[in-house]
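Please read the structure below before turning to the comments.
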Amino acid sequence: MSRPDHRVCDELRPVRIDRNFVSAAPGSVRISAGNTSVLCTASFVDSVPNWMKEQEGGWLTAEYRMLPCSTVPRCERKDRPDGRASEIQRLIGRSLRSVVDLKRIGPRTIYIDCDVLQADGGTRTLAITGAWIALYDAIKSLQAVLPPMELLLRDSVAAVSVGLIDGQARLDLCYLEDVAADVDMNLVMTGSGRFIEIQGTGEHATFSGEQLDHMLALGRKGIEQLTAMQPKLKGVS
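As structure tokens, this is what we get:
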């Protein structure tokens with residue numbers, strides 16, 4: 004069964020990464036995969052949330068929004084994130100915190116902002132992949148006041164979607180595939196090949212252990228390719 008954009012089953016959408024996309028943030032990237040595009044920024048504030056006042060180190064938090072004309076029809080602009088956006092921004096935050104030594108950043112908060120410019124499936128996974136690049140660039144630009152990069156970042160992070168459509172496993176689903184998928188899965192992994200999070204749901208069908216293994220293998224292959232496009236960390240293979 005052919006894919007809407009004529010890719011083979013184990014092929015990523017074409018990825019474009021534009022670093023230093025805005026000047027107001029120390030780390031920023033516009034990352035695109037096919038027709039999905041997300042602006043990710045990373046910035047530091049010299050304070051921590053009130054609940055951390057008595058704790059050592061700092062914090063990292065993320066926000067995620069879809070701009071009104073990122074979809075057709077136009078999505079409503081909201082002052083507060085809805086349930087979906089809240090779940091995604093928590094995922095982004097968890098994913099990045101897993102590889103950052105927050106005790107070493109001092110009493111600072113890292114803000115990750117991910118704004119979807121155009122949505123055609125895979126916005127959450129693309130946001131994670133781009134957010135890590137923005138974080139890397141932010142830390143690099145602030146090396147005069149922060150510990151060395153290799154002390155702050157333990158590893159890189161990237162994410163991708165996989166799914167089953169009519170029994171066929173596919174990598175990096177576009178929107179038409181996402182809505183048609185019998186099984187939908189998102190994988191978040193480190194550059195060294197360790198899993199951070201696996202989100203998998205049988206939307207319209209169950210799936211076997213063999214199918215799960217195939218989807219995990221596809222996702223790992225895609226994340227390895229995405230990792231190769233990201234900045235390299237010293238001491239991490």
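To convert, note that position 219 of the sequence shown is 222 in this note's numbering; the numbers rise steadily by one, no gaps.
For every residue, glycine included, the Cβ atom is placed at its ideal position computed from N, Cα and C.
Inter-residue spacing [alpha-carbon to alpha-carbon] between residue i and residue j
i      : j      : result
Leu25  : Gly170 : Looking at the sequence itself, residue 25 is Val, so the reference to Leu does not match. The alpha-carbon atoms of Val25 and Gly170 are separated by roughly 42 Å.
Ala141 : Gly30  : 4 Å
Ser144 : Asp118 : 22 Å
Met55  : Asp13  : 43 Å
Arg97  : His9   : 34 Å
Assigned exposure category for residue i - 16 Cβ within 10 Å defines buried
i      : result
Ala172 : buried
Glu180 : buried
Asn189 : buried
Ala27  : exposed
Asp187 : buried
Gln146 : exposed
Asp216 : exposed
Which of helix, strand or coil DSSP assigns to residue i
i      : result
Ala147 : coil
Asn189 : strand
Leu15  : coil
Arg127 : helix
Asp158 : coil
Gln233 : coil
Gln228 : helix
Ser245 : This structure leaves residue 245 out entirely; the chain is present only between 4 and 240.
Gly60  : coil
Asp82  : coil
Ala45  : strand
Asp104 : coil
Thr112 : strand
Arg173 : strand
Asp70  : The question names Asp, yet the displayed sequence has Leu at residue 70. Looking at Leu70 - three-state DSSP - the assignment turns out to be coil, as it is neither helix nor strand.
Among the options, the one whose alpha carbon lies nearest that of residue i
i      : options                           : result
Arg68  : Ile95, Val103, Asn23 and Ser144   : Ile95
Gly124 : Leu176, Thr112, Gln92 and Glu59   : Leu176
Ala45  : Met55, Thr64 and Thr39            : Thr64
Leu229 : Leu167, Ser144, Arg100 and Val163 : Val163
Ile20  : Cys12, Thr39 and Arg97            : Thr39
Thr74  : Gly86, Arg93, Gln121 and Tyr114   : Gln121
Thr209 : Ser98, Ala184, Gly194 and Arg100  : Ala184
Gly166 : Val148, Gly194 and Gly203         : Gly203
Ser89  : Pro110, Pro76, Gly109 and Asp116  : Asp116
Asp158 : Arg87, Ala231 and Gln214          : Ala231
Distance cut-off 7 Å: residue i Cβ against heavy atoms of the ligand ADP
i     : result
Asn53 : The model on display carries no ligand, and the ligand ADP is accordingly not part of it.
- For the stretch 101-111 against the stretch 140-157, are there 3 or more C-beta pairs whose distance is under 8 Å? Segments in contact, yes.
- Query: Are at least three pairs of beta-carbons, each pair with one atom in the stretch 78-87 and one in the stretch 130-140, less than 8 Å apart?
  - Reply: No, they do not touch.
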